[in-house]
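Let me begin by presenting the structure, written as structure tokens, before commenting on it.
Number of protein chains: 2
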Amino acid sequence: MNFSSKIEKCSYSPIRKFYPLQVECEKKGTKIYHLNIGQPDIRTPQGFFDAIKRFDDEVVEYAPSPGIPQLIDAVRNYYSGIGVELSAGDIVVTTGGSEALSLTFSTVLDDGDELLVPEPLYSNYLTFANLSGGKVVPIPTDPENGYRYACRELLQSYVSPRSRAILITNPGNPTGVVLTRDEMRIIADFAKDNGLFLIVDEVYREFVYGGQKLSSFSEFDDIDENLVIIDSVSKRFSACGARVGALISRNGEFMANIMKLCQARLSVATLDQLGAAEMYKTDKSFFDEVRCEYKKRRDAVCEELAKIPGVRFDVPEGAFYLMATLPVDDTDAFQRWLFTDFELDGETVMFAPGAGFYSSPGKGASEIRIAYVRNCDYLRRSIRLLAAGIEAYNARKA
Amino acid sequence: MNFSSKIEKCSYSPIRKFYPLQVECEKKGTKIYHLNIGQPDIRTPQGFFDAIKRFDDEVVEYAPSPGIPQLIDAVRNYYSGIGVELSAGDIVVTTGGSEALSLTFSTVLDDGDELLVPEPLYSNYLTFANLSGGKVVPIPTDPENGYRYACRELLQSYVSPRSRAILITNPGNPTGVVLTRDEMRIIADFAKDNGLFLIVDEVYREFVYGGQKLSSFSEFDDIDENLVIIDSVSKRFSACGARVGALISRNGEFMANIMKLCQARLSVATLDQLGAAEMYKTDKSFFDEVRCEYKKRRDAVCEELAKIPGVRFDVPEGAFYLMATLPVDDTDAFQRWLFTDFELDGETVMFAPGAGFYSSPGKGASEIRIAYVRNCDYLRRSIRLLAAGIEAYNARKA
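Written out as structure tokens, the structure reads:
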């Protein structure tokens, strides 16, 4: 039996593909420290649980396809709080940011249409783009320049007659880059002038460590036709397993097309939507505390990483990821070896190999993505295991 | 801004597209009786709520991409109970049967590849097929022959070099057709002999009213390479809003490809999976009671429908839908009129117009799909409203 060319182009997630090896390794009794996955240990707001436990309908019914009104209102209120007014029709609730992405790609990309994405990129973008038949055109960035990409000449040089959209993550995954206001304007103008959809994944909005005001491309009032925002409660409220996201656009025709797909997939889980709506009532101090905690974690990771000979990285400004270049040829092979041939006091470490965050073949082989989503002690121990692993791995080859 | 050709081919759901009109109609104070949507009023098993209320982790974390082990085990046990042995790797948990369908289509259909589907069909198949770039080739059936389609010559006559799969719903939505064992064998042989994937949507398995043993194509042991089962807890346990389904296949290469997509979309909602796992422990008497109730409902609908002059239909053998032909030219226009120009004692009725269940242009215009998922009194009143509506609509034109 043959499979579609689309699926043949897809790869396993660099964040999740080692799950079977992880299970094997744990069977040996080895404890694994996770730097691979953006699964925070921050407590999910109590409101989520309260709303779900309060549910007393006899039947768990389908929700409306656009989302339950309470949650749509909650999202509107949240945006209003950062200075952005949305109408209910500008928002549809999705099964995580993931579904928002795949709905968007299917709606704007035809076979061979080009989606510009600064690289390194969130690897699942590649899978969703492949499924739509679209083609990711990576915009290369330089680790030595902090992976910054908001340069009009750079962006413009990748535009072709097949270009349909530009997709960015701000704050950045996996790079932690946070765009300045001027950079945002450059990108908005670039999309507008070239008639491109501007798809902005803003799921890490709260996680900025330089004292910036929370921002969104939806603050600009001249790119309504272009702009599509990908949003989610997963990281904002540490509720990844709720699978509740949102797709936001003021382009009415775009939203009308999206609604065809929303109706076909019927609805998003009802109880999780109720829980999500309640989470949006969480006091703002929650974000301040969480931001402060992540900043400490970032600093702990950077401090430990800086001690490892041959490791290079920039201090990330936002999100909770960091790209580091290791003194290792192939971080994918190194990770496998960490499962099968390494342990220190019964412990090993897991990261996401960098190559999976590049669309360009051969790039990122020496890089890794680190998610700093656990407490500082856990992270320090993880990075020390990484240091010991690098030393042993390179000694082995010598 | 332009949109993809894929989305331009998609339509709104005939089941959900009237939602805005419905809201307007309700604002006028009119009560709407719903025959349009398969949203049962059967109580969701208590186990679902108990499992969710028992959850006491501090963080709602991502679940594993294939699904939580408890739920995969529960699905295995359930299949074992109907005589089918599955291994854990044969099952992935999905966000409803809907996601199982879209993952499958993306994995097996390339642009222009053909998917054979007996018609009338569940309309959302068309949307998911369009998104994958595949093309639905409808296999026509005849209301006068009870919409039966398991005829080798008929099926074979629609095979082309681009045929990749046949998709059937058994028991049938929207027709209520239940395949006999011999018919199942004909279809299995057809798929096998032609090297086609056989995608069987078995979400209505429990809903058979002729005393049949519960069956699944997975009972056949010679079509492992071909067979993909679409399954869901939505109808089985009246938990549509949980959005928990499953994709089942013993084709290892197919499942390996599916896993790429499962990793990209990360996971299915964690709490709903816990609830679903618990529901699978529901006593078998639940199904017997529910089946008995639906049979009564079917009989009530048929009894009332039979009283309406000019209405034709067959008594459905399974699922909880019925296709009826009305003495009306265009049931879509008729439905709009029922919202805007009709009421009887402040009440009106809503069905799903038939054309949306056909891929062939022009077909089904006089047909409607009725979902008999509410209590008998509700259904009798609904059909009487339909009768009054037909009479007034046709009198208006005269």
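Top line first, the protein sequences correspond to chains A and B.
For the first sequence, this note's numbering assigns the number 1327 to the initial residue and increments by one for each residue that follows.
For the second sequence, this note's numbering assigns the number 1327 to the initial residue and increments by one for each residue that follows.
Every residue, glycine too, gets a C-beta built ideally from N, C-alpha and C.
Neighbour flag for residue i against chain B, beta carbons, 8 Å
i: S1432 of chain A; result: yes
i: L1712 of chain A; result: no
i: C1702 of chain A; result: no
i: V1615 of chain A; result: Sequence inspection shows Glu at residue 1615 of chain A; the Val mentioned does not correspond to that position. Not one chain B Cβ lies under 8 Å of E1615 of chain A.
i: M1804 of chain A; result: Outside the shown range of chain A (1327 to 1724) lies residue 1804 of chain A, about which nothing can therefore be said.
i: S1544 of chain A; result: no
i: N1583 of chain A; result: yes
i: T1674 of chain A; result: no
i: S1611 of chain A; result: no
i: G1373 of chain A; result: no
i: N1720 of chain A; result: no
i: Q1365 of chain A; result: yes
Spatial distance of residue i from residue j (CA atoms)
i: D1609 of chain B; j: L1540 of chain A; result: 51 Å
i: D1656 of chain A; j: A1681 of chain A; result: 9 Å
i: D1550 of chain A; j: K1354 of chain A; result: 54 Å
i: Y1484 of chain B; j: R1402 of chain B; result: 35 Å
i: S1575 of chain A; j: A1517 of chain A; result: 15 Å
i: I1584 of chain B; j: M1676 of chain A; result: 24 Å
i: V1462 of chain B; j: G1415 of chain B; result: 29 Å
i: Y1451 of chain B; j: G1537 of chain A; result: 49 Å
i: S1406 of chain A; j: C1351 of chain B; result: 30 Å
i: D1557 of chain B; j: Q1482 of chain A; result: 47 Å
i: A1426 of chain B; j: M1581 of chain B; result: 12 Å
i: Y1475 of chain B; j: V1504 of chain B; result: 11 Å
i: S1685 of chain B; j: V1526 of chain B; result: 18 Å
i: G1409 of chain B; j: A1400 of chain B; result: 14 Å
i: S1564 of chain A; j: A1590 of chain B; result: 19 Å
i: L1442 of chain B; j: L1522 of chain B; result: 10 Å
i: I1394 of chain A; j: V1418 of chain A; result: 9 Å
i: E1669 of chain B; j: L1435 of chain A; result: 44 Å
i: F1613 of chain A; j: E1532 of chain A; result: 7 Å
i: D1515 of chain B; j: I1492 of chain B; result: 12 Å
i: E1615 of chain B; j: K1621 of chain B; result: 10 Å
i: L1553 of chain B; j: I1696 of chain A; result: 40 Å
C-beta neighbour in chain A for residue i, strict 8 Å
i: E1384 of chain B; result: yes
i: N1471 of chain B; result: no
i: E1389 of chain B; result: Residue identity check: residue 1389 of chain B is Ala in the sequence provided, not Glu. With 8 Å as the cut-off, A1389 of chain B counts as an interface residue toward chain A.
i: Y1345 of chain B; result: yes
i: D1658 of chain B; result: no
i: L1592 of chain B; result: yes
i: Y1359 of chain B; result: no
i: G1571 of chain B; result: no
i: Y1698 of chain B; result: no
i: Q1589 of chain B; result: yes
Assigned secondary structure, residue i (DSSP; H/G/I helix, E/B strand, else coil)
i: E1615 of chain A; result: helix
i: M1605 of chain B; result: helix
i: G1688 of chain A; result: coil
i: Y1647 of chain B; result: strand
i: L1631 of chain B; result: helix
i: L1347 of chain A; result: helix
i: L1652 of chain B; result: coil
i: Q1365 of chain A; result: coil
i: D1703 of chain B; result: helix
i: A1718 of chain A; result: helix
i: P1395 of chain B; result: helix
i: R1662 of chain A; result: helix
i: Y1732 of chain B; result: Absent from the model: residue 1732 of chain B. The displayed extent of chain B is 1327 to 1724, so no value can be given.
i: Y1388 of chain B; result: coil
Those residues which DSSP pairs with residue i across a bridge
i: V1637 of chain A; result: None; V1637 of chain A has no bridge partner.
i: Y1359 of chain B; result: B:V1675
i: P1444 of chain B; result: B:I1465
i: A1697 of chain B; result: B:Y1647
i: L1524 of chain B; result: B:I1492 and B:L1553
i: L1670 of chain A; result: A:E1673
Enumerate, from N- to C-terminal direction, the unbroken alpha helix (DSSP H) stretches of 4 or more residues contained entirely within the segment 1526–1591 of chain B.
Runs found: 1578–1590.
Runs of alpha helix (DSSP H) lying entirely within the segment 1454–1522 of chain B, each at least 4 residues, in chain order:
Runs of the alpha helix (DSSP H) inside the segment 1454–1522 of chain B: 1478–1482 and 1507–1519.
Contained alpha helix (DSSP H) runs [length at least 4] in the segment 1398–1440 of chain A, N- to C-terminal order:
1422–1434
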